[in-house]
Amino acid sequence: MTSDAIQTVRTRFFDTKIEFLKGVGPQKAALLNQELGIFTFGDLIQHYPFRHEDRTVFHKIKDLNDQLPAAQIKGRLREWTMTGEGNKKRLVAYFTDGTGILELVWFQSIAWYEKNLRPNTEYIVFGKPVAFGGRWSITHPELDLITPENENGGFWQPIYPLTEKLRRKFVESRAISRMMRSLLEISRPHIRETLPETLVQKYRLVSKADALWNFHLPQSAQWLHQAQRRLKFEELFYNQFRLIKNKLLHKTEYPGMIFSHTNLVKQFYENHLPFTLTNAQIRVLAEIHEDLKTGRQMNRLLQGDVGSGKTIVAFISMLFALDNDAQACLMAPTEILADQHYQGLKKFADLLGVNICKLTGSTKKKERELIHKQLLDGSMHIIVGTHALIEDIVQFKNLGLCIIDEQHRFGVAQRAKLWAKNSHINPHMLVMTATPIPRTLAMTLYGDLDISAINELPAGRKPIKTVHRYDAHRLSVFGFLKDEIAKGRQIYMVYPLIEESEKMDLKDLMDGYESVSRAFPNVPLSILHGKMKSADKDFEMARFVRGETKIMVATTVIEVGVNVPNASVMVIENAERFGLSQLHQLRGRVGRGAEQSYCILITDYKISKETKLRIETMCRTNDGFEIAEVDLQLRGPGDLSGTQQSGLLDLLVANLAQDGEILKAARQSAEEILNADPDLLQPLNQPIRAHIEHMGKEATNWSRIS
Ligand code: ADP
Ligand code: MG
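Positions 1 to 706 (the UniProt record's numbering) are the ones given, in order, by the sequence shown.
Shown next as structure tokens:
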């Protein structure tokens with residue numbers, strides 16, 4: 001057979017309908033289809049467990065402790081009784097292994113258990129033991145008759161994603177395991193190695209077949225670990241491979257405009273720089289300028305903490321375009337942010353007589369039409385806006401640079417739409433993130449971009465002092481605020497507001513406002529929350545910006561508000577209810593002027609361990625990158641900035657909070673292979689080629705621009 005023919009046979013095996021698997025049949029197949037989207041052998045083998053339960057050892061009842069996540073005990077079931085009435089009714093069975101008594105408790109399916117439990121019979125029991133009134137019990141334990149397979153323990157039970165309906169139909173993890181065993185037994189000759197031999201050897205990876213086998217049916221803890229390592233590596237390798245391939249495509253296939261003239265840039269540097277640039281700003285600008293001269297399209301990510309000075313970097317980058325008869329645009333995810341950018345850039349633009357405008361959903365038709373015309377004839381040099389910029393009607397004379405301020409909110413597709421705004425040549429692209437994100441997340445989300453980071457704040461900026469205070473200390477906090485107001489400072493006081501508890505939260509905010517008014521009878525206050533009319537919000541914000549009000553009592557709507565350098569104190573009420581990144585983001589509202597700034601985190605007296613860690617982290621550091629790392633460890637990547645919802649990350653095995661080292665190795669390997677053999681012509685790299693072609697969807701991405 002030719003290798004193509006072999007390929008076909010193998011593919012077909014995994015395309016086999018799941019109902020043809022021994023022990024499945026049409027009914028169970030229908031369930032698997034509906035509930036888990038498993039249609040074929042291939043779907044089942046890739047239905048990965050999300051954790052494994054340790055069934056390797058048996059515990060003794062006398063040794064139980066409540067730190068155990070679960071215990072496995074071999075013993076004898078004695079008698080049982082029914083107690084309680086109505087929905088308190090329960091079945092309690094007594095179980096012993098000779099070292100003590102364990103109560104097994106059922107609230108559900110009582111009738112079934114009453115009929116089927118066998119007294120004086122040996123069972124293996126598994127579940128979370130809880131001590132109650134000096135007795136150990138397990139509620140709804142797993143209960144198995146002793147068999148030759150389980151009597152010695154020694155195995156790991158994978159726990160699979162399941163649904164309620166599957167559980168009701170008794171398709172639980174162990175049922176999946178049984179199917180998996182049937183499947184693995186017949187699959188071995190069909191499992192292709194998906195990584196080149198060189199990588200398998202270099203990183204001492206187990207084969208794909210061994211990995212699948214041991215991930216689903218681990219022989220031992222070591223095998224399980226190796227299986228996971230191998231599958232994580234593979235997953236991250238292909239993730240990085242795709243990104244780097246795209247990056248190389250841009251570098252080799254897509255020409256970029258060459259920005260060699262620097263008139264405005266020089267003029268700005270020599271006559272108008274409002275402050276000395278930080279070393280980080282200078283370095284980043286050099287990296288960007290380098291890209292703009294190569295004749296290749298720039299695709300760069302600019303990371304920089306709040307207040308690190310990205311605006312001026314963005315502006316100077318735009319000047320490079322303007323100096324070479326090209327235009328520039330900046331797109332932000334919200335109107336408020338777009339406006340903030342516009343204000344920031346306009347200050348600089350006015351110094352040079354550069355034309356700049358703003359386009360958002362609320363721009364009036366007449367103004368909009370004028371903007372469209374000016375962009376087309378080239379008299380408008382810079383445009384700042386929201387999604388409105390992407391619309392087809394917005395066309396440029398010669399768009400040369402796109403800047404996206406994105407905070408994970410724009411996808412690759414939107415980036416591609418901006419590229420298309422110049423039909424002759426792709427404009428250069430600079431993506432800015434205001435929230436620093438952990439290295440691993442940056443690599444997987446933005447691995448197709450080159451990365452620059454502003455890792456230094458402007459000189460003379462005093463680091464914000466952050467402290468933690470309990471509710472009970474509010475009076476002394478108020479005392480401190482009075483002193484700051486007396487010094488002419490302004491204060492933010494932030495309350496949480498989430499949809500689920502909106503009424504309560506609004507009440508808290510109003511109560512807070514009341515108590516602040518009482519404590520500061522002669523101080524003018526502002527209040528701001530999402531339920532207010534837009535005009536009222538603008539009015540309150542404007543008063544605060546002008547310094548007419550001294551305290552701004554607000555919900556998180558100010559998170560992305562305007563810059564008020566004189567506001568030097570941020571009080572965050574119920575700080576326990578905010579995520580770490582959000583706390584950091586809020587804190588970034590202060591510390592913008594020359595004065596010493598403060599952030600006061602107020603919490604309840606009783607806080608969880610995790611909250612304590614969040615608060616401690618905030619008090620210890622102002623470094624957004626460090627905070628992002630802690631946040632990742634605490635919450636996992638799925639919760640960070642909605643990345644999971646936006647479908648940007650679909651990792652099944654790897655965990656970005658833990659697998660940074662594997663990711664680094666995978667990325668390096670992908671880079672090396674693509675550099676040495678970009679078209680995958682070497683025999684050695686055929687497994688990669690085959691795998692990419694096999695993954696139909698990815699195969700399309702492979703040749704796509706983005
Ligand atoms: P970012 O957008 O990164 O949050 P900005 O560009 O808004 O930060 O800058 C924050 C503040 O710091 C602005 O008031 C800006 O004028 C000022 N700033 C920026 N760079 C410098 C610098 N090198 N020296 C002094 N002040 C600076
Ligand atoms: Mg900014």
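C-beta: ideal position from N, C-alpha, C; glycine also.
Chain-order list of residues whose beta-carbon lies under 6 angstroms from that of residue 12 (same chain, five-residue window excluded): Residue numbering aside, residue 12 sits at position 12 when the sequence shown is read from its first letter. Shown here for residue 12: not one same chain residue has a beta carbon closer than 6 angstroms to its own, the five before and five after excluded.
Local Cβ density within 10 Å of residue 338, reported as buried at 16 or more and exposed below that: On the sequence shown, residue 338 is found 338 positions in, with the first residue counted as 1. Residue 338 should be labelled buried.
Residue 672 - containing alpha helix (DSSP H), residue span: Taking the sequence shown and counting its residues from 1, the one referred to as residue 672 is at position 672. Where residue 672 is concerned, the enclosing alpha helix (DSSP H) stretches over 660–676.
Three CB pairs or more closer than 8 angstroms across the region 514–522 and the region 573–585: In the pairwise beta carbon analysis, the region 514–522 is classified as not touching the region 573–585: fewer than three pairs are separated by under 8 angstroms.
Within 9 angstroms, strictly: CB atoms of residue 132 and residue 143: Within the sequence shown, numbered from 1, the residue matching residue 132 stands at position 132. Within the sequence shown, numbered from 1, the residue matching residue 143 stands at position 143. No, they are not a contact pair.
Residues of its chain near residue 323, where Cβ-Cβ distance is below 8 angstroms and the 5 sequence neighbours each way are ignored: Residue numbering aside, residue 323 sits at position 323 when the sequence shown is read from its first letter. Scanning its chain for C-beta atoms nearer than 8 angstroms, with the 5 sequence neighbours on each side dropped, one finds around residue 323 the residues 259, 261, 262, 263, 264 and 265, in chain order.
Check: residue 277 C-beta below 8 angstroms from any heavy atom of ligand 1: As a first step, residue 277 is located in the sequence shown; it is residue number 277 there, counting from the start. At a threshold of 8 angstroms, residue 277 counts as near ligand 1, since its beta carbon sits closer than that to one of the ligand's heavy atoms.
DSSP-derived helix/strand/coil call for residue 260: Here residue 260 refers to the residue found at position 260 of the sequence shown. DSSP places residue 260 in coil when its eight states are reduced to three.
Any non-hydrogen atom of ligand 1 closer than 8 angstroms to residue 308 Cβ: Indexing the sequence shown from 1 puts residue 308 at position 308. True, at least one ligand heavy atom lies under 8 angstroms from that Cβ.
Inter-stretch contact (C-beta, 8 angstroms, three-pair minimum) for the region 428–447 and the region 389–404: In short, these stretches touch, since the Cβ pair count reaches three.
Identity of the residues DSSP links to residue 137 by a beta bridge: Working through the sequence shown from its first residue, we reach residue 137 at position 137. The partner list for residue 137 (beta bridge, DSSP) reads 103 and 130.
Buried/exposed call for residue 85, threshold 16 Cβ in 10 Å: Translated into the one-based positions of the sequence shown, residue 85 becomes position 85. With fewer than 16 neighbouring CB atoms inside 10 Å of its own CB, residue 85 falls in the exposed class.
As assigned by DSSP and simplified to three states, the class of residue 299: Residue numbering aside, residue 299 sits at position 299 when the sequence shown is read from its first letter. Residue 299 sits in a strand when the DSSP states are folded into three classes.
Coil, strand or helix - residue 56 by DSSP: If you number the sequence shown from 1, residue 56 lands on position 56. Coil at residue 56, not helix or strand.
Uninterrupted beta strand (DSSP E) stretches inside the region 311–340 (no shorter than 3 residues): Fully enclosed beta strand (DSSP E) runs of 3 or longer: 327–331.
Exposure label - residue 379; buried when at least 16 CB within 10 Å: Within the sequence shown, the letter at position 379 stands for residue 379. Exposed.
Residue 158, enclosing beta strand (DSSP E) - first and last residue: The residue labelled residue 158 in the question sits at position 158 within the sequence shown. In the DSSP annotation of this structure, the continuous segment of the beta strand (DSSP E) that includes residue 158 starts and ends at 155–159.
Coil, strand or helix - residue 523 by DSSP: One-based indexing of the sequence shown puts residue 523 at position 523. Correct three-state label for residue 523: coil.
Expected contact under 8 angstroms - CB spacing of residue 195 and residue 241 to nearest Å: Counting from one through the sequence shown, the residue named residue 195 turns up at place 195. Counting from one through the sequence shown, the residue named residue 241 turns up at place 241. Contact between residue 195 and residue 241 is ruled out by a C-beta separation of about 11 angstroms, above the 8 angstroms threshold.
Beta-carbon gap between residue 119 and residue 77 smaller than 9 angstroms: Translated into positions along the sequence shown, residue 119 becomes position 119. Translated into positions along the sequence shown, residue 77 becomes position 77. Cβ distance < 9 angstroms, so residue 119 and residue 77 count as in contact.
Selected residue, minimal CA-CA separation from residue 574, among 534, 603, 563 and 598: For this step, residue 574 is matched to residue 574 along the sequence shown. Selected option, being the one with the closest Cα: 603.
Backbone CA spacing between residue 252 and residue 469 [nearest angstrom]: For the purposes of this step, residue 252 is taken as the residue at position 252 of the sequence shown. For the purposes of this step, residue 469 is taken as the residue at position 469 of the sequence shown. Distance between the alpha carbons of residue 252 and residue 469: 56 angstroms.
Beta carbon of residue 397 nearer than 9 angstroms to that of residue 418: Taking the sequence shown and counting its residues from 1, one reaches residue 397 at position 397. Taking the sequence shown and counting its residues from 1, one reaches residue 418 at position 418. If you check the CB distance, residue 397 and residue 418 do not come in under 9 angstroms.
beta-carbon residue 592 near ligand 1 non-hydrogen atom, thresh 8 angstroms: For this step, residue 592 is matched to residue 592 along the sequence shown. Shortest gap from the CB of residue 592 to any heavy atom of ligand 1: under 8 angstroms.
Rounded C-alpha distance that separates residue 525 from residue 485: Along the sequence shown, read from residue 1 onward, the residue named residue 525 stands at position 525. Along the sequence shown, read from residue 1 onward, the residue named residue 485 stands at position 485. Between the alpha carbons of residue 525 and residue 485 lies a distance of about 12 angstroms.
Contact under 9 angstroms by Cβ, residue 103 with residue 138: Along the sequence shown, read from residue 1 onward, the residue named residue 103 stands at position 103. Along the sequence shown, read from residue 1 onward, the residue named residue 138 stands at position 138. In contact: residue 103 and residue 138 (Cβ atoms closer than 9 angstroms).
Three-state secondary structure (DSSP) of residue 272: For the purposes of this step, residue 272 is taken as the residue at position 272 of the sequence shown. Here residue 272 carries a helix assignment [DSSP, helix/strand/coil].
Euclidean distance between Cα positions of residue 475 and residue 308: Within the sequence shown, the letter at position 475 stands for residue 475. Within the sequence shown, the letter at position 308 stands for residue 308. Straight-line Cα distance between these residues: approximately 34 angstroms.
Selection from 21, 331 and 593 that minimises the alpha carbon distance to residue 342: Translated into the one-based positions of the sequence shown, residue 342 becomes position 342. Per the Cα distances, 331.
Run of the beta strand (DSSP E) containing residue 600, from where it starts to where it stops: Within the sequence shown, numbered from 1, the residue matching residue 600 stands at position 600. Residue 600 -> beta strand (DSSP E) spans 598–603.
Heavy atom of ligand 1 within 8 angstroms of residue 403 beta-carbon: Here the question's residue 403 lines up with position 403 in the sequence shown. No; taking the cut-off as 8 angstroms, the Cβ of residue 403 has no heavy atom of ligand 1 nearer than that.
Alpha-carbon to alpha-carbon, residue 660 and residue 312: Within the sequence shown, residue 312 is the residue found at index 312, counting from 1. Within the sequence shown, residue 660 is the residue found at index 660, counting from 1. C-alpha separation (whole angstroms): 33 angstroms.
Secondary structure of residue 110, DSSP reduced to three states: Numbered from its first residue, the sequence shown carries residue 110 at position 110. The three-state reading of DSSP puts residue 110 in helix, counting H, G and I together.
Closest by C-alpha distance to residue 181, when choosing among 205, 154, 218 and 162: If you number the sequence shown from 1, residue 181 lands on position 181. Measuring from the Cα of residue 181, the nearest candidate turns out to be 218.
Inter-residue Cα distance where the pair is residue 68 and residue 227: In the sequence shown, residue 68 corresponds to position 68, counting from 1. In the sequence shown, residue 227 corresponds to position 227, counting from 1. Approximately 25 angstroms between the Cα atoms of the pair.
Run of the alpha helix (DSSP H) containing residue 29, from where it starts to where it stops: Position 29 of the sequence shown, counted from the start, is the residue given in the question as residue 29. 25–36 is the extent of the alpha helix (DSSP H) around residue 29.
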